[in-house]
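Asks: In the working numbering, the protein residues as written are 276 to 1208.
Idealized CB from N, CA, C, for every residue including glycine.
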């Protein structure tokens, strides 16, 4: 396939020659593979559609019509081959762009290593060292810096949100291709020598011949294994580099500050998130925990084995510490096998210590069966090893070595393993449990009624609920223990059994394997007290994180937290679980509820109120940001997103979700994973200092944005409350087809309804992204900005000052620019043609188009630029160059959707063929836009 990779005027000054060369090479190889496997006619058809799409992009109406006519004449088999060609092209282009970024990063890191570490020249932007230097320049002294790094806690939480459209098999093939690209480059010249392209062609041919669409919907355990793939392939080896980055930066710029350990960790919702997913049972959660444990144990076991062969230090040469000798004498460290090793290597204590550790890990690995968590153990067996045991063994060895002349052996492999144990423990990632508040209420109601305590619990007022719950929690209201009570329904057991499992897990594996208990759609204090009561009844003791999602919930979050902290039963639970409060913010549902600008403003204000409430109550706060991949769901550059809203970072603690396709975009490659993680750390370090010094923004900024958000909210609600709007959405987007995709275990709707409030935000965003409206990422912003700009020149000067000085406002505007640039009203109008009622089609699309134009005009007035993304030339170039390759996929998708929707009487085989094409175009458009939902 041909590629037109020429720098746009906005991108001049950037050297894209390496990227252009790589894309041309990959396009040529793909073209040869297509011609060989499918014949030259297929390649010619692909090229013809690409040229038509490119001409249509130049406002050639005739080319647009011919493109439509050409696609209309395609049989499903031919359409599938063409869609596959564009999909494969984007997959390769994405690899090339990543390879380009990696080449630049590696070169900059190499240059920085060669430079004087005390000098600022060559410091990588948004790196950990850049953050440390910025804090030093801001006057942060050693004492404050030590406080910040001691409090530093970053936890990234992987979720199974169904936006990753690639199979794990395809991910593995793309990983191999990425490795081949990197190894084919000459490090000195950063160019590609002429080499045999045979291996590359074979790998691309294998990719071409691999099914892209799953044959069945993945089960939850499949999603767990996909999440673990990223740990096994990149994260496990990447984290020690981040830890070392912080240590070195402090050693150079703050030599008196000690670097902490365990500040970067991971969590997971995969196998624990049961909000609206009936497939996540207690048994599935148990399987997930065991899979996590097996991976961690296996990685540590192999590392211990390698270390035992490295640390063959003789006690006759260097005397081991008394602590190490005592640990070695511990009976748990000895076995028949170790006794044999001791006889063979009597003077190698480190080797024996690590061999004993490896054996204990091997035993624990073998015990990771369903039976392990089925009941409480009678006592700790030898396999019940905890992460602290592993850490103690390794640190004892490191401290012993560090005391003598062999101190360098405490670094390297041994230090890396210590860091990995600090990060991953014996659980890889802490598993959160999540449940909807409504399910708790239903379970409480059934239990109370069955025990004769209270009927009609859900009909009680909030005050009466709190009084009853307080009585139950304190024992003033008596009831029969839950275990000996009457039979419970399956729905109630689904709520209770995961908590019973959590109680067993904490005893058997340790409380550190579990994260927080997240309550989605938290509206009142009773929602939290219900969860506390259910935990008390089941013996669980998990920290509770209320999740505030809708506009009303965000506005009331401070009052709810204040009442929680004032309630003695909740305060007691808080103390039992460590005394720190995690509060989760829902970016997806808030956007769906009130629109882009109003949601962002509500989230910003809620963070300020939540931080103030926790500080007043003397409670350490960790904000848990439920961000997604797209701008509509809180996505965007990590460091900027954190620094735009630093008020919740006073304690340098943050949790963030990493969802769906974000995982494969960010973490399939070690270099890219390192870059993302260092940007997050950069943002948290600077954000912690900003939160401590807390700058107050001018009242005129706040008042203007409040007015804009209100106007934006009104415009958004007028649109989504239009009774015909959801009809338009259902018919003008592939939402039904997305719902049928076999990409996730969760249903599209939380409940068996089709109301917007019950629709999950992910398919909502996904469907608008596919059809190029990108509606959730900008709609209402133009009306909001226009409400301010209508005042005249003074208002324009004000918003330009806000854009220049206020990071939050600038991030909101810049993220919308990217969304608007990826949107295309010409393609969106093509999708609108599928709406059956012409009046609905014209009215709703006209309103969307009008708001789109209004938003583009307003943003350009605010930024003072001539075109969207002018200030981001690399992004602008990438988006503009991709469009001619995405457009044919959109045309094919619309054509196949129309045939499907009109072809109820078609033969089953033809319907299946049409669905295959639609599903493949969904993959391809996602790859082209680098976003799904």
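#1: I believe residue 1056 touches residue 1130 by the beta-carbon criterion, under 8 angstroms. Please report the beta-carbon distance rounded to the nearest angstrom.
#2: Could you check whether the segment 489 to 501 touches the segment 372 to 390, counting it as contact only if at least three pairs of C-beta atoms, one from each stretch, sit closer than 8 angstroms?
#3: DSSP puts residue 900 in a beta bridge; with which residues?
#4: Any contact between the segment 854 to 867 and the segment 961 to 978? By contact I mean 3 or more CB pairs, one from each, below 8 angstroms.
#5: Would you report the Cα separation of residue 1186 and residue 1010, rounded to the nearest angstrom?
#6: Spatial neighbours of residue 1229 within its chain, please: C-beta separation below 7 angstroms, excluding the five flanking residues on both sides.
#7: If you run the structure through DSSP and keep just helix, strand and coil, what is residue 823?
#8: Taking Cβ positions, are residue 942 and residue 509 nearer each other than 8 angstroms?
#9: For the beta strand (DSSP E) holding residue 711, just list the boundary residues, first then last.
#10: Kindly provide the ranges of any alpha helix (DSSP H) runs that are 4 or more residues long and lie completely inside the segment 1083 to 1170, ordered along the chain.
#11: Rounded to a whole number of angstroms, what is the C-alpha to C-alpha distance between residue 706 and residue 450?
#12: Assuming contact is defined by CB atoms lying nearer than 8 angstroms, are residue 797 and residue 788 in contact in what I supplied?
#13: If you run the structure through DSSP and keep just helix, strand and coil, what is residue 299?
#14: Taking its Cβ as the centre, do 16 or more other Cβ atoms sit within 10 Å of residue 810, making it buried, or is it exposed?
#15: So what does DSSP say about residue 1272, is it helix, strand or coil?
#16: Under 7 angstroms Cβ to Cβ from residue 1122, same chain only, skipping five residues before and after it: list those, please.
#17: Can you tell me whether residue 252 is buried or exposed, with buried defined as 16 or more other CB within 10 angstroms of its CB?
#18: May I have the straight-line CA-CA distance separating residue 654 from residue 784, to the nearest angstrom?
#19: Can the beta-carbon of residue 1000 be found less than 8 angstroms from the beta-carbon of residue 1119?
#20: Taking 7 angstroms as the limit between beta carbons, can you name the residues of its chain near residue 1199, skipping five residues before and five after?
#21: Take residue 1027 and list the residues in its own chain whose beta-carbon comes closer than 8 angstroms to its own, dropping the five residues that flank it on each side.
#22: Leaving aside the five residues before and after residue 513 along the sequence, list all residues of the same chain whose C-beta is less than 6 angstroms from its C-beta, in chain order.
#23: Counting along the chain, where does the alpha helix (DSSP H) carrying residue 572 start and finish?
#24: What beta strand (DSSP E) runs, 3 residues minimum, are completely inside the segment 1028 to 1081?
#25: Alpha carbon to alpha carbon, how far is residue 546 from residue 938? Give it in angstroms, no decimals.
#26: If you count every other CB in all the chains shown that lies within 10 Å of the CB of residue 1021, and 16 or more means buried, which is it?
#27: Following the continuous beta strand (DSSP E) through residue 794, name the residue where it begins and the one where it ends.
#28: Under the three-state reduction of DSSP, which class applies to residue 924: helix, strand or coil?
#29: Just to confirm, are residue 641 and residue 613 a CB contact at a threshold of 8 angstroms?
#30: In angstroms, rounded to a whole number, what distance separates the CA positions of residue 620 and residue 650?
#31: Is it the case that the segment 696 to 704 contacts the segment 536 to 553, given that we only count it when at least three CB pairs across the two stretches are under 8 angstroms?
#32: Check this for me: beta carbons of residue 375 and residue 294, under 8 angstroms apart or not?
#33: Could you tell me the boundaries of the alpha helix (DSSP H) in which residue 541 lies?
#34: Mapping DSSP to helix, strand and coil, what is residue 550?
#35: Is the segment 397 to 410 in contact with the segment 970 to 985, if contact means three or more CB pairs nearer than 8 angstroms?
#36: Would you decide whether residue 515 is buried or exposed? Buried here means 16 or more other CB atoms lie within 10 Å of its CB.
Replies: By the coordinates alone:
#1: Within the chain shown, numbered from 1, the residue matching residue 1056 stands at position 781. Within the chain shown, numbered from 1, the residue matching residue 1130 stands at position 855. At roughly 5 angstroms, the Cβ-Cβ gap stays under 8 angstroms, so residue 1056 and residue 1130 are in contact.
#2: no
#3: Mapped onto the chain shown, residue 900 falls at position 625. Paired residue(s): 860 and 931.
#4: no
#5: Numbered from its first residue, the chain shown carries residue 1186 at position 911. Numbered from its first residue, the chain shown carries residue 1010 at position 735. One C-alpha to the other measures close to 17 angstroms.
#6: The question about residue 1229 has no answer, for the chain in this structure spans 276 to 1208.
#7: Stepping through the chain shown from its first residue, residue 823 is reached at position 548. Residue state, collapsed to three classes: strand.
#8: Working through the chain shown from its first residue, we reach residue 942 at position 667. Working through the chain shown from its first residue, we reach residue 509 at position 234. Yes, the pair counts as a contact, with Cβ atoms nearer than the cut-off.
#9: Locating residue 711 in the chain shown gives position 436, where the first residue counts as 1. Here the beta strand (DSSP E) through residue 711 covers 705 to 711.
#10: 1100 to 1107 and 1113 to 1138
#11: Translated into positions along the chain shown, residue 706 becomes position 431. Translated into positions along the chain shown, residue 450 becomes position 175. Cα-Cα distance, rounded: 27 angstroms.
#12: Looking up residue 797 in the chain shown gives position 522. Looking up residue 788 in the chain shown gives position 513. Going by C-beta atoms, residue 797 is not nearer than 8 angstroms to residue 788.
#13: As a first step, residue 299 must be located in the chain shown, where it is residue number 24. In this structure, residue 299 counts as helix in the three-state DSSP scheme.
#14: On the chain shown, residue 810 is found 535 positions in, with the first residue counted as 1. Answer is buried; the Cβ neighbour count reaches 16.
#15: Residue 1272 lies beyond the residue range present for the chain, which begins at 276 and ends at 1208; the question has no answer from this structure.
#16: In the chain shown, residue 1122 corresponds to position 847, counting from 1. Counting only Cβ-Cβ distances below 7 angstroms, and skipping sequence neighbours, we find 994.
#17: Any answer about residue 252 is impossible in this case: the structure gives the chain only from 276 up to 1208.
#18: In the chain shown, the residue the question calls residue 654 occupies position 379. In the chain shown, the residue the question calls residue 784 occupies position 509. With a pLDDT of only 49 at residue 654, under 50, the local geometry of the prediction cannot be trusted, and no value is derived from it.
#19: Taking the chain shown and counting its residues from 1, the one referred to as residue 1000 is at position 725. Taking the chain shown and counting its residues from 1, the one referred to as residue 1119 is at position 844. Contact flag set, yes.
#20: Stepping through the chain shown from its first residue, residue 1199 is reached at position 924. So the list reads 358, 361, 362, 365 and 1164, once near-sequence residues are dropped.
#21: As a working note, residue 1027 is residue 752 in the chain shown. Residue placement at residue 1027 cannot be trusted, given a pLDDT of 48 that sits under 50; the coordinates are not used to answer.
#22: Looking up residue 513 in the chain shown gives position 238. Here the set comprises 945, 948 and 949.
#23: Within the chain shown, the letter at position 297 stands for residue 572. That run of the alpha helix (DSSP H) goes 557 to 585.
#24: none
#25: In the chain shown, residue 938 corresponds to position 663, counting from 1. In the chain shown, residue 546 corresponds to position 271, counting from 1. One C-alpha to the other measures close to 16 angstroms.
#26: The sequence position of residue 1021 within the chain shown is 746, counting from 1. Because residue 1021 carries a pLDDT of 49, less than 50, the predicted location of this residue cannot be relied on, and no value is offered for it.
#27: For the purposes of this step, residue 794 is taken as the residue at position 519 of the chain shown. Residue 794 -> beta strand (DSSP E) spans 789 to 795.
#28: Position 649 of the chain shown, counted from the start, is the residue given in the question as residue 924. In the structure shown, residue 924 sits in a helix (DSSP, three-state: H, G or I).
#29: By 1-based counting over the chain shown, the position of residue 641 is 366. By 1-based counting over the chain shown, the position of residue 613 is 338. No, the Cβ-Cβ distance between residue 641 and residue 613 is not below 8 angstroms.
#30: Position 345 of the chain shown, counting from 1, holds the residue named residue 620. Position 375 of the chain shown, counting from 1, holds the residue named residue 650. Roughly 41 angstroms separates the two Cα atoms.
#31: yes
#32: Residue mapping note: residue 375 aligns to position 100 of the chain shown, counting from 1. Residue mapping note: residue 294 aligns to position 19 of the chain shown, counting from 1. Yes, they are a contact pair.
#33: The residue you call residue 541 lines up with position 266 of the chain shown. Premise fails: residue 541 lies in the beta strand (DSSP E), 539 to 543, not in any alpha helix (DSSP H).
#34: By one-based count along the chain shown, residue 550 stands at place 275. Here residue 550 sits in coil by DSSP.
#35: no
#36: What you label residue 515 is simply residue 240 of the chain shown in a count that begins at 1. The residue in question, residue 515, is buried, as its Cβ has 16 or more Cβ neighbours within 10 Å.
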